[in-house]
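Residue numbers (the working numbering), protein chains in the order written: chain A, 1127 to 1412; chain B, 143 to 440.
Here the structure is laid out as structure tokens; the discussion comes afterwards.
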């Protein structure tokens, strides 16, 4: 039930609630026969991103999910949901596999951001994210991304170039974590909550900014109050969205790829002075 | 993830801040604007000589930052540049306080309408689409205008079958435009994807500093990636990483040389050779005009 909209900072509390379900909770509730597949075939297996093949009501799908962990041990294992390049490269490997076998891809996004570390830089964190963004844009199979909790920066976008983006009711999706935003623009990380409320990062904000296509309701007071109900809502969304996308896909690959491209192509807020060239022109003066 | 203020202070440290220049002026007692003090090797050169050298320190080969106009002047054939979309200016998508005023001030101060120039040009008679970022404008962070201009430029190149050469420099995504700036990463990378599909050439030249969301999008997607010597290239901010690992990082961390060693840059090219290298590479990628006898028409 959505009553009056909660503020972004109030939602930050909800998504940080200890009992908030993660992808590890949702996957068995939403999918049957999930087989996890490991490794990027280059250098390792990142536990911050898990993926594999599963069945969704009888339809084979590929699931790729960012995982934060539910207790300290899991947190450490999956680096608090902050992937290294090998995580993104594993995701891309599984996405290409899905393309080969014509399986739709379902990405579950939940990360404060890509990991800022020495090894991550050495192995090309920037390149790994960039490549995912570019390759996902051209994948010849439907892609749905769902933001479960935190969608932080390029680390989230690397799994969110898709045909349809949905957000759980209380999830947040932002260019940088609110803490990072406050420390950069005001040089004061403690103003996190204030940043949260001006950044326009709630699901409703992002629907207005044409970034998010659908808001999935959570249980009253937050997903932790009834994970099963929230999982059912996610299932219902996936089911409906898959049908739509399969229909679109059958109309023609080009149409689907064009519409994915345009989903991102149209985002931007600018003015052009009258009488200027709206298209690049050979005659424009220097 | 890029922490800009921290990143800037590192860059300032590395390059020497304005204050540093003033103190050097005091020490040497020579009127401002006459000498260049290299932030890397601390040697002092006459500005005239430094500028004649393409703003490269004659002593240590440090490649200092150029404005977009300066870059054009040393890259494009004289009078060949035709700018695209010069009248496009940013709005304020998340109503960030003070953003409009800041933009207005910067437009007046820099003479630019945002942090990138795009257009058609010739390099040694080779037709190209040029993208040149300018770090004097909000550290060339990528917002709507930067994203849109770059995307249009690449789309134009794809349509006209022209190679793209992008001189990148950026602190990353433009915080003040919120999620809209994050989407510019997808938009520009999408345009690169289509340029690739069409068989177009894209050369990315990383200049000081190429970081954050620009490293994590079109800058890292060149068919060929060139870097200028000793420039800063990375994803996360140095201070953020130091905060994570609780120790100081070596000086050459996230340098062009570091990226070359780790396999993320094809070559390091000095500024005075850049034009020639670019023209040669473009020539080598030109579709052969004469078909072989017996080859199939596609």
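Glycine included, every Cβ here is placed at the ideal spot set by N, Cα and C.
Computed from a prediction, not measured in an experiment: that's the story for all the values here.
For residue 189(B), count neighbouring Cβ atoms within 10 angstroms of its own Cβ and tell me buried if that reaches 16, exposed if not.
exposed
Are the CB atoms of residue 369(B) and residue 398(B) within a distance shorter than 8 Å?
yes
Starting from residue 1298(A), trace the beta strand (DSSP E) both ways and give me its first and last residue.
1298-1300
With distance defined between alpha-carbon atoms, name the residue in 1261(A), 1262(A), 1292(A) and 1170(A) nearest to residue 1273(A).
1292(A)
Contact set between the stretch 1262-1290 of chain A and chain B, restricted to residues whose Cβ is under 7 Å from the partner
1263, 1264, 1279, 1280, 1281, 1283 and 1287
Check the Cβ of residue 1340(A) against every Cβ in chain B and list those closer than 9 Å, keeping chain order.
Neighbours of residue 1340(A) on chain B: none; closest Cβ ~16 Å, over 9 Å.
Can you give me the C-alpha to C-alpha distance between residue 1158(A) and residue 1189(A), rounded to a whole angstrom?
11 Å
In the DSSP assignment, find the unbroken beta strand (DSSP E) run with residue 1211(A) in it and report its ends.
No beta strand (DSSP E) contains residue 1211(A), which is instead part of the alpha helix (DSSP H) from 1211-1226.
In the DSSP assignment, the beta strand (DSSP E) including residue 351(B) goes from what residue to what residue?
344-352
If we count the other Cβ atoms within 10 Å of its Cβ and call it buried at 16 or more, is residue 1210(A) buried or exposed?
buried
Since I believe residue 1178(A) is in contact with residue 1163(A) (beta carbons under 8 Å), could you give me their beta-carbon distance rounded to a whole number of angstroms?
5 Å
Within 8 Å of any Cβ in chain A, is that where the Cβ of residue 357(B) sits?
yes
Whose C-beta lies closer than 7 Å to the C-beta of residue 358(B) among residues of the same chain, with five residues either side of it excluded?
327 and 377
Proximity to residue 296(B) [Cα-Cα], best of 1359(A), 1391(A) and 1354(A)
1391(A)
I want to see whether chain B comes within less than 8 Å of residue 1332(A), judged by CB atoms only; does it?
yes
Kindly give me the distance between the Cβ atoms of residue 254(B) and residue 225(B), rounded to whole angstroms, as I take these residues to be in contact under 8 Å.
Not really, about 11 Å apart at Cβ, beyond 8 Å.
Less than 8 Å between the C-beta atoms of residue 334(B) and residue 363(B), yes or no?
yes
Would you check if the distance between the CB atom of residue 1298(A) and the CB atom of residue 1141(A) is smaller than 8 Å?
yes
Taking contact to mean 3 or more Cβ pairs, one atom from each stretch, closer than 8 Å, check whether the stretch 1146-1161 of chain A and the stretch 1344-1362 of chain A are in contact.
yes
From the DSSP output, in three-state form, read off residue 1396(A) for me.
strand
Pick helix, strand or coil for residue 242(B), following the three-state DSSP scheme.
helix
Counting Cβ pairs, one atom from each stretch, are 3 or more of them under 8 Å apart for the stretch 1269-1289 of chain A and the stretch 1221-1235 of chain A?
yes
Where residue 305(B) meets chain A, residues with beta-carbon distance less than 9 Å:
Those do not exist, as residue 305(B) stays about 15 Å from chain A at its closest Cβ, beyond 9 Å.
Would you mind giving the Cβ-Cβ distance between residue 1218(A) and residue 1261(A), rounded to the nearest angstrom? I have them listed as a contact below 8 Å.
6 Å
With 8 Å set as the bound, which would you pick, yes or no: does the beta-carbon of residue 406(B) sit closer than that to a beta-carbon of chain A?
yes
Just the C-alpha distance for residue 312(B) and residue 1131(A), rounded to the nearest angstrom, thanks.
36 Å
Backbone CA spacing between residue 1241(A) and residue 382(B) [nearest angstrom]
10 Å
How would you write the range of the alpha helix (DSSP H) that residue 1304(A) sits in, first residue to last?
1304-1311
DSSP puts residue 1328(A) in a beta bridge; with which residues?
1298(A)
Quick one: does residue 399(B) have its CB under 8 Å from some CB of chain A?
no
Kindly indicate which three-state DSSP category residue 1188(A) falls into: helix, strand or coil?
strand
Opposite residue 1233(A) in the DSSP bridges: which residues?
1190(A) and 1271(A)
Under 8 Å, with one C-beta from each stretch per pair, do the stretch 194-212 of chain B and the stretch 276-284 of chain B reach the 3-pair mark?
yes
Could you give the C-beta distance for residue 90(B) and residue 289(B), rounded to a whole number, given that I count them as a contact under 8 Å?
Any question about residue 90(B) goes unanswered here, given that chain B covers just 143 to 440.
Within the chosen definition, does the stretch 335-345 of chain B reach the stretch 1307-1322 of chain A through at least 3 CB pairs nearer than 8 Å?
no
In the stretch 1140-1196 of chain A, which residue ranges form an unbroken alpha helix (DSSP H) of at least 4 residues, counting only runs that do not cross its ends?
1149-1156
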